[in-house]
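Here the structure comes first, spelled out in structure tokens, and everything after it is commentary.
Residue numbers (my numbering): 61 to 179.
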């Protein structure tokens, strides 16, 4: 049973490492350090934004298996604006909107997220 768990785990992380390469990083650990959760979608997925090595921002959701499709924006403000637009179009409950990298009442549209404030 332990061998099966190790095998499945290696497959999952391999897929995330491949996705990290799509994002311009060498592995998922580094990509994850530059990734911020933004909001929840049912049943158990979410939308994320990743600052890319070229300082652009990639928006993606983790439905299904990696590598995920991404949309790249030149600035944080464009990326978070697009995510808020998608959120409102879906009519999701406000409590699902939980941008990471900010204090509770900070305006996420006024500045980029702070890595020291990641969950």
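The C-beta atom is built at its ideal place from N, Cα and C for all residues, glycine as well.
These numbers come from a predicted model, not from an experiment.
Classify residue i: buried if its beta carbon has 16 or more other beta carbons within 10 angstroms, exposed otherwise.
i	result
residue 159	buried
residue 135	exposed
residue 153	exposed
residue 94	buried
residue 86	exposed
residue 147	buried
residue 204	Residue 204 is absent from the model: the chain starts at 61 and stops at 179.
Where does residue i sit, in a helix, a strand or coil, going by DSSP?
i	result
residue 124	coil
residue 119	strand
residue 147	helix
residue 93	helix
residue 130	coil
residue 141	helix
residue 111	strand
Should residue i and residue j be called a contact, given that it needs their Cβ atoms to be closer than 9 Å?
i	j	result
residue 161	residue 96	yes
residue 78	residue 101	no
residue 98	residue 143	yes
residue 26	residue 133	As displayed, the chain neither begins before 61 nor continues past 179, which places residue 26 out of reach and without an answer.
Strictly under 9 Å for the Cβ-Cβ distance: is residue i near chain D by that measure?
i	result
residue 166	The structure shown has no chain D; it contains just one protein chain.
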